[in-house]
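Engineer: Got a structure for you, questions after.
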């Protein structure tokens, strides 16, 4: 595109080194002089409301754009998470992730938060090399693990996983995608502690809610809003909904971005008049204030006028003992408008067929979801 070529041109232009004649009349400071007297020239006068990071995301619309995160946004989220973190996580603790540090989840939690509390070791490993993940777990006393459902599932099913000592583990944090109950239950049976779910978005630096690290079992919830954060659900007319009513999740708090960079068209769409950021996620809050994610707004399937959330069907499919994982999408249907199409990964050696799965689904789902 034209934009890409312009960016490349500017980048190449900026890379050039310009030499200034000593008596040219141009005011300048020589680099070697700055390096010798850095304290006199390099003053740090960063304002909290200045942009610290342009974090790109597909976010609510699937179109790539940059969330403008200020120093205040990021610092607020670090302090919110510090209040949530187990108190015995400190400078002597080690944290492990297989997530890239350029991703906002790992950047804030693994890198910035852990550096802030003066953490001892931050281990960043390749998720495609499970053996490499297992070895550090033998060597180090890991206090925190962050990851996604897929990673936890592969880890806990590894033959060497049960041999590890988990006495030092304080919390395992899952985000980025729904946590499967089978994975969570298997993890807890081996480790003795459940995986804790959190909820976040790039536009929110990213964390907005998290389960208590003292959670004793899988709940399906992504926890309560972090301190200083307000979460509500809205209908299509942006009316606030009551407890247990499914709607679009809106978020307000000090960690929420100011805007998308140079995207005024989108900014008008994603913020309500009273300042709630519309996440694009469907969910609800129960009577205890816990947040439950149902699905993405754009992933919803409409069958004969009924709303079907892929996550609901996937959860039922994943409960079958011969199913490794599944994903559901909507496809066109000449009678009902749309129907549900499921993609299922069978466990190795399984002879599972679609008729068996359909009968399984009939026991747990209404007819229009099958």
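In this note's numbering, the protein residues as written are 1 to 370.
Every residue, glycine too, gets a C-beta built ideally from N, C-alpha and C.
It should be emphasised that the depicted structure is a prediction, and the values quoted were computed from it without experimental measurement.
Name, in chain order, the residues that DSSP records as bridge partners for residue 281.
Structural biologist: Answer by DSSP bridge pairing, in chain order: 296.
Engineer: Over what stretch of residues does the beta strand (DSSP E) that includes residue 55 continue unbroken?
Structural biologist: First-last of the beta strand (DSSP E) with residue 55: 51-57.
Engineer: If you run the structure through DSSP and keep just helix, strand and coil, what is residue 254?
Structural biologist: If DSSP states are grouped into helix, strand and coil, residue 254 belongs with coil.
Engineer: Identify which residue in 79, 127, 340 has its Cα closest to the Cα of residue 101.
Structural biologist: The shortest Cα separation from residue 101 among 79, 127, 340 belongs to 127.
Engineer: Counting along the chain, where does the alpha helix (DSSP H) carrying residue 333 start and finish?
Structural biologist: First-last for residue 333: 323-333, but that is the beta strand (DSSP E), not the alpha helix (DSSP H).
Engineer: Roughly how many angstroms lie between the CA atoms of residue 99 and residue 175, to the nearest whole one?
Structural biologist: If I take the Cα positions, the gap works out to 11 Å.
Engineer: Hey, out of 232, 340, 161, 325, whose CA is closest to residue 180's CA?
Structural biologist: Per the Cα distances, 325.
Engineer: If you reduce the DSSP assignment to three classes, tell me which class residue 197 lands in.
Structural biologist: Looking at residue 197 - three-state DSSP - the assignment turns out to be strand.
Engineer: Measure the C-alpha to C-alpha separation of residue 89 and residue 144 and round it to an integer number of angstroms.
Structural biologist: Roughly 8 Å separates the two Cα atoms.
Engineer: Going by DSSP in three states, residue 313 sits in which element: helix, strand or coil?
Structural biologist: Correct three-state label for residue 313: helix.
Engineer: DSSP three-state label for residue 173, please.
Structural biologist: In this structure, residue 173 counts as strand in the three-state DSSP scheme.
Engineer: Select from 182, 131, 85 the residue whose C-alpha is nearest the C-alpha of residue 146.
Structural biologist: Closest option to residue 146, Cα to Cα, is 85.
Engineer: Out of curiosity, what's the CA-to-CA distance linking residue 311 and residue 352?
Structural biologist: Those two C-alpha atoms are separated by around 21 Å.
Engineer: Using 8 Å as the Cβ pair cut-off and three pairs as the minimum, do the stretch 101-115 and the stretch 266-277 touch?
Structural biologist: Segments in contact, no.
Engineer: Checking contacts by CB at 8 Å: is residue 227 closer than that to chain C?
Structural biologist: The chain inventory of the structure shown lacks chain C, comprising one protein chain alone.
Engineer: With H, G and I counted as helix, E and B as strand and the rest as coil, what does DSSP make of residue 82?
Structural biologist: Correct three-state label for residue 82: helix.
Engineer: Can you tell me where the alpha helix (DSSP H) holding residue 156 begins and where it ends?
Structural biologist: From DSSP, the alpha helix (DSSP H) with residue 156 extends over 149-156.
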